[in-house]
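Enquirer: One structure, pasted below without further comment.
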Amino acid sequence: MSDVPKHRYTAALANEIERKWQDRWESEHIFWAPNPSGALSEGFDRFADREKLYVLDMFPYPSGAGLHVGHPLGYIGTDVYARFKRMTGFNVLHAMGYDAFGLPAEQYAVQTGQHPRVTTEANIANMQRQLRALGLGHDSRRGVNTTDVSYYRWTQWIFLQIFDAWYDDDAQRARPISELIPVLEADPEISWVDLDPVARRTLVDSYRLAYLSEQPVNWCPALGTVLANEEVTAEGRSERGNHPVYRRPMKQWMLRITAYNDRLLADLDLLDWPESIKTMQRNWIGRSVGAEVDFAVEGHEDVAITVFTTRPDTLFGATYMVLAPEHPLVDEIVASEWPDATLMPDIDDIPLAWKGIFGIDNLPAEAIRRYREFADHKSELERQAEGREKTGVFTGAFAINPTNGARIPIFVADYVLMGYGTGAIMAVPAHDERDFEFAREFELPIAGVIRPPDVWFEARDLAPDAPAGTWPDAFTGDGVAMNSGNERVSLDGLTVADAKVAINAWLEAETLGAPTVTYKLRDWLFSRQRYWGEPFPIVYDEHGLPVALPESMLPVELPEIVDFAPRIVEHDEESLPDPPLARAEDWVTLEADLDIPAWAGGSAGTKTYLRELNTMPQWAGSCWYYLRYLDPTNENEMVSAEAERYWMGTGNGGIDLYVGGVEHAVLHLLYARFWHKVLADLGKVHTPEPFRRLFNQGYIQAYAYSDERGVYVEASEVEERDGGFFLDDAPVDREYGKMGKSLHNVVTPDDVYEQYGADTLRLYEMFMGPLDASRPWNTNDIIGVHRFLQRLWRNVIDEETGAARVGAAPADDETRRLLHRTIDAVAHDMDDLGYNTAIARLFELNNHLTHVVAERGDAPEEVVVPLVLMTAPLAPHVAEELWERLGHDESLAFTDFPAADPALLVDEMVEIPVQIRGKVRARVQVPADADDAATEAAARADARITELLAGATVRKVIVVPAKLVNFVTG
RNA sequence: GCCCGGAUGGUGGAAUCGGCAGACACGACGGACUCAAAAUCCGUUGCCCGCAAGGGCGUGAGGGUUCAAGUCCCUCUCCGGGCACCA
């Protein structure tokens with residue numbers, strides 16, 4: 000240890016340098032990005048001629064566990080990009096806030112009895128310390144915390160904007176409620192003047208983008224709260240905690256995201272996002288084109304059942320109909336008795352299965368009642384466990400197929416969902432797999448109306464005219480319509496696409512239906528029965544109708560209560576939510592004289608209102624934080640128009656780079672787009688989309704080791720030898736996955752700082768692989784990037800004296816060319832976030848420089864200066880230190896990134912391979928600008944090629960100038 | 001089941017347009033320095049045959065297009081992710 004040179008780049012020196020520069024960056028406000036005007040505009044003049052660049056990370060939830068090395072991967076990536084862009088002439092905004100409302104803080108608070116605010120603040124402080132130690136260049140003035148009153152005041156304000164807006168379908172945008180009133184007054188179908196204030200308010204409320212709705216919602220008793228569809232897994236469990244979730248009708252706040260279906264879908268095309276995320280959003284929105292068709296019900300002249308289908312071309316093949324169990328018309332059409340068998344064509348007797356699974360003696364109404372109960376109590380998980388076996392019950396009623404007048408039985412079955420389409424389907428078993436299964440189960444007729452191609456029959460060993468009743472499965476592909484004609488329309492012979500057009504035209508002409516588009520996306524369930532969230536700025540009057548609090552009454556602060564635990568009830572799906580805010584007895588009522596618009600009855604004077612007791616979901620704060628970063632101290636506005644226009648841009652602008660994990664593909668990223676569009680419609684923001692370019696960073700994963708008992712052992716103590724893994728000579732098994740406490744494989748940034756320093760950690764994480772790929776953490780590999788920094792340091796600094804030892808003598812030609820090729824490649828790689836290859840280039844240059852230094856005894860300044868600057872975005876502390884020791888007083892943060900001299904990027908001579916029949920047999924030097932003939936001549940002149948071609952006939956010569964020559968012999 | 005993404009040395013990974021596969025790094029092996037070790041520095045390192053010169057094979061598997069395929073086309077296997085009774 001004693002013979003290590005005094006000024007070697009060791010962990011200790013690295014730590015010293017890092018602390019020094021972190022302090023300087025902070026005290027000199029290096030990363031304060033000035034706004035064009037307002038409170039944060041100091042220093043803008045200096046940047047006035049720069050272009051803006053807004054780089055954003057998905058902000059973290061401040062967990063108590065602290066960071067492991069996997070967490071900051073994306074933050075380092077954006078920091079490198081931001082630093083690079085500063086050096087190429089941009090005014091770069093990069094900040095980091097905290098998304099701190101939500102369940103974990105609340106659960107921790109319940110366990111420890113501490114107020115969530117206390118733990119949240121402690122966690123944020125710890126996280127800030129860990130992130131600061133990474134040397135991230137954030138504008139510290141903009142680090143918002145969603146749980147600060149000064150922040151959630153504006154979250155509440157945005158909610159009021161949404162509440163006070165309606166969607167104008169004609170204009171295809173949201174408008175203020177004040178502009179709805181004249182529309183309603185003018186509507187001849189609404190007798191506005193005759194409506195009393197309560198009726199008017201109820202009507203208006205039904206138009207709002209934030210509305211109360213009594214409908215089946217996802218109730219999770221174990222979490223004590225309701226959840227959005229996006230928060231429930233396909234198995235019907237809560238994404239958080241994996242608890243069972245039940246569908247239960249409750250009155251809850253909904254946000255009308257479905258009004259934006261088309262725009263959320265179409266505007267994906269404007270975005271530079273990974274195609275996989277766009278696909279996930281498209282699937283989630285789930286647009287499908289089809290038609291609605293009305294079916295008359297026998298014996299009920301006043302009732303028509305509207306079905307939605309994507310296959311109107313198969314209408315002639317509809318042999319029965321299915322309603323969802325919750326369908327409102329079920330009770331109306333259910334028969335009093337099971338129909339006489341003779342009334343039913345093709346069916347000898349009602350199969351017993353039609354009467355339900357709870358006995359054959361029930362009348363239709365009772366069979367349906369029992370079936371509904373059965374379906375209602377099945378969780379999604381149970382439905383899945385049953386393997387999608389079709390269940391259902393006959394209503395005893397018949398509908399009429401409008402194309403051919405056929406009487407078709409109407410069933411209730413839970414494979415039809417109330418939440419999609421119209422909650423009713425026409426069943427075409429020949430051409431739909433689900434209907435086919437159901438038809439087989441219930442012995443229903445199967446009528447083929449699309450003729451499959453011959454190969455389809457051949458593959459199933461069927462005669463080419465086999466009737467659909469004998470098919471082993473449904474035919475859902477493309478074919479030609481058959482058996483599809485009546486006196487007024489015939490589809491026979493048409494392709495599926497043409498048949499759709501023809502039948503749609505007929506349906507419209509006969510007013511039996513119309514082409515329609517439906518979506519899978521549902522409105523966003525926006526209330527939670529939790530303490531640790533934003534209170535709604537809403538109160539209720541004596542009619543139970545919501546009244547918005549005026550902006551002047553914001554913020555509505557979270558009341559202090561003692562017991563903030565949600566009422567958690569395991570395994571009792573009958574339980575009901577119990578919002579913790581109800582316990583704030585002094586707070587639940589509000590004495591106020593609220594401003595009521597004249598159309599709603601006008602001022603009612605001072606009276607008592609009841610507060611909304613639910614809170615907003617965790618996603619609320621993250622829907623707009625990127626706007627608050629722009630103007631975090633503004634007390635009068637969410638964001639000043641000037642700051643918003645400057646940083647977000649106009650037109651198809653938005654955030655220039657948004658980096659985060661793929662797990663938010665349909666949650667945060669969809670919700671935030673929706674809020675942004677509402678705000679855009681209301682003129683508060685000026686771009687159609689918030690996040691123009693999205694990049695998903697990968698995950699750092701890790702190996703975990705378990706011993707013979709299956710118990711996880713400390714990964715850092717495991718040794719690899721003889722092709723196996725051992726802990727104290729005992730063999731252990733290796734598995735690959737997440738980093739986590741329970742797996743005993745966590746590596747923290749602090750561990751790495753201590754051993755190598757923060758620059759080494761940054762460089763290693765960027766070097767491991769492409770930023771968007773997941774890769775395994777391997778502590779043994781860190782030494783490689785650490786050696787690079789050590790060599791770089793040694794090339795510039797005399798390890799004995801600590802002084803720079805650079806020479807003014809010019810570099811040799813080869814070195815200079817390598818330098819410029821490196822600059823060119825690194826600049827391109829950094830723009831593409833291709834840091835791993837950029838670092839590899841820097842390694843090459845530095846390795847070469849090591850030889851140069853060995854030869855001449857000093858490092859040529861013309862190489863050192865650009866090398867240090869190129870290293871700066873990646874390893875900023877050591878680069879700043881070298882920069883200073885090279886004689887500069889100011890931070891290099893805004894120094895120009897080196898520029899490559901194009902003349903030095905092309906060599907005069909290039910070495911190209913010469914192939915014979917595609918195999919490389921020689922390499923020759925040719926001038927870079929040699930033409931085909933000269934290149935071929937040079938190849939032929941090679942001794943070895945001459946020899947090999949001596950006895951052969953050359954059939955063809957392929958010459959790619961400056962690339963290769965290939966002799967095809969034959 | 002459907003839709004995406006992926007598979008390259010012992011390991012992490014390179015390879016704009018189809019044009020020298022394996023950049024860079026780890027590890028391993030050999031050497032220098034050292035009493036020794038660590039650190040550092042230098043060299044070798046896809047596999048096989050060969051003393052060598054050289055040759056053969058090689059990007060998950062099989063087939064195809066091409067003078068030339070990791071890259072394009074077809075079929076398949078495995079891994080990762082998403083969706084899933086959405087009519």
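Under numbering that gives the first Met the number 0, residues 0 to 969 are what the first sequence spells out, in order.
Just so it is clear, CB atoms sit at the ideal spot from N, CA and C, and this is done for glycine as well.
By DSSP, does residue 322 sit in helix, in strand, or in coil?
Expert: strand
Enquirer: With contact counted as at least three CB pairs below 8 Å, one residue from each stretch, are the region 483 to 493 and the region 512 to 527 in contact?
Expert: no
Enquirer: Please list, in chain order, all residues of the same chain as residue 798 whose beta carbon is under 6 Å from its beta carbon, the five residues on each side excluded.
Expert: 4, 6, 7
Enquirer: Within a Cβ cutoff of 6 Å, which residues of the same chain sit near residue 115, ignoring the five residues on either side of it in sequence?
Expert: Around residue 115: 104, 105, 108, 531.
Enquirer: Is DSSP giving residue 542 helix, strand or coil here?
Expert: coil
Enquirer: Within the continuous beta strand (DSSP E) that includes residue 968, where are the two ends?
Expert: 963 to 968
Enquirer: Output the distance between the C-alpha atoms of residue 882 and residue 891, rounded to the nearest integer angstrom.
Expert: 7 Å
Enquirer: Shortest alpha-carbon distance to residue 290 belongs to which of 885, 968, 501?
Expert: 501
Enquirer: Applying the 10 Å Cβ sphere with the 16-neighbour rule, what's the burial state of residue 735?
Expert: exposed
Enquirer: Cβ atoms of residue 227 and residue 616: under 8 Å apart, would you say?
Expert: Going by beta carbons, residue 616 and residue 227 fall inside the 8 Å limit.
Enquirer: Quick test of your reading: residue 260 and residue 286, contact by CB under 8 Å. State the CB separation rounded to the nearest angstrom.
Expert: 7 Å
Enquirer: Taking C-alpha atoms, which residue in 951, 413, 13, 157 lies nearest to residue 680?
Expert: 157
Enquirer: Contact between the region 680 to 691 and the region 704 to 724: three or more CB pairs below 8 Å?
Expert: no
Enquirer: Could you tell me the alpha carbon to alpha carbon distance between residue 307 and residue 422, rounded to whole angstroms?
Expert: 8 Å
Enquirer: So the candidates are 391, 355, 838; which of them puts its Cα closest to the Cα of residue 759?
Expert: 838
Enquirer: Figure out for me which residue from 426, 374, 454 has the closest Cα to the Cα of residue 399.
Expert: Distances from the CA of residue 399 to each of 426, 374, 454 were compared; the closest alpha carbon is that of 426.
Enquirer: Can we say the region 356 to 364 touches the region 451 to 459, given the rule of at least three CB pairs closer than 8 Å?
Expert: Look at the beta carbons and you see the region 356 to 364 not touching the region 451 to 459: under three pairs across the two are nearer than 8 Å.
Enquirer: Assuming residue 943 contacts residue 921 (C-beta within less than 8 Å), just tell me the rounded distance between them.
Expert: 5 Å
Enquirer: Assuming residue 174 and residue 208 make a contact with CB atoms under 8 Å, what is their CB distance in whole Å?
Expert: Wrong, their Cβ atoms sit about 10 Å apart, outside the cutoff.
Enquirer: Going along the chain, which residues of its own chain have a beta-carbon closer than 8 Å to the beta-carbon of residue 327, five neighbours each way excluded?
Expert: A distance below 8 Å between beta-carbons, with the five flanking residues on each side excluded, links residue 327 to no residue of its chain.
Enquirer: In its own chain, which residues sit with a C-beta less than 8 Å from the C-beta of residue 588, not counting the 5 before and 5 after it?
Expert: 607, 608, 609, 610
Enquirer: Tell me, please, whether the region 649 to 664 touches the region 70 to 82 by the rule of three or more beta-carbon pairs shorter than 8 Å.
Expert: yes
Enquirer: Applying the criterion that 16 or more other CB atoms from any shown protein chain within 10 Å of the CB defines a buried residue, is residue 543 buried or exposed?
Expert: exposed
Enquirer: Taking 8 Å as the threshold (C-beta atoms), are residue 391 and residue 411 in contact?
Expert: yes
Enquirer: Please report the Cβ distance between residue 775 and residue 696, rounded to the nearest whole angstrom; I am assuming they are in contact, meaning their Cβ atoms lie under 8 Å.
Expert: Not confirmed; about 15 Å, so no contact.
Enquirer: Do three or more CB pairs link the region 839 to 848 to the region 782 to 794 at distances below 8 Å?
Expert: yes
Enquirer: Who are residue 219's beta bridge partners in DSSP?
Expert: 224
Enquirer: At which residues does the alpha helix (DSSP H) containing residue 865 begin and terminate?
Expert: Unbroken alpha helix (DSSP H) run through residue 865: 860 to 870.
Enquirer: Tell me which same chain residues have a C-beta within less than 7 Å of the C-beta of residue 928, skipping the five on either side of it?
Expert: Once the five neighbours on either side are set aside, residue 928 has no close Cβ partner at all.
Enquirer: For residue 202, list the residues DSSP reports as bridge partners.
Expert: Partner(s): none; residue 202 has no beta bridge.
Enquirer: Using the three-state DSSP reduction, which class does residue 134 fall into: helix, strand or coil?
Expert: In this structure, residue 134 counts as coil in the three-state DSSP scheme.
Enquirer: Judging by CA-CA distance, which residue of 690, 905, 404, 753 is the nearest neighbour of residue 268?
Expert: 690
Enquirer: List the endpoints of the continuous alpha helix (DSSP H) containing residue 844.
Expert: 834 to 855
Enquirer: Run the CB neighbour count on residue 224, radius 10 Å, all protein chains shown included, and call it buried at 16 or more, exposed below.
Expert: buried
Enquirer: Between the Cα of residue 850 and those of 869, 826, 803, 795, spot the shortest distance and give me the residue it belongs to.
Expert: 795
Enquirer: Among 705, 710, 709, which one has its Cα closest to the Cα of residue 724?
Expert: Per the Cα distances, 705.
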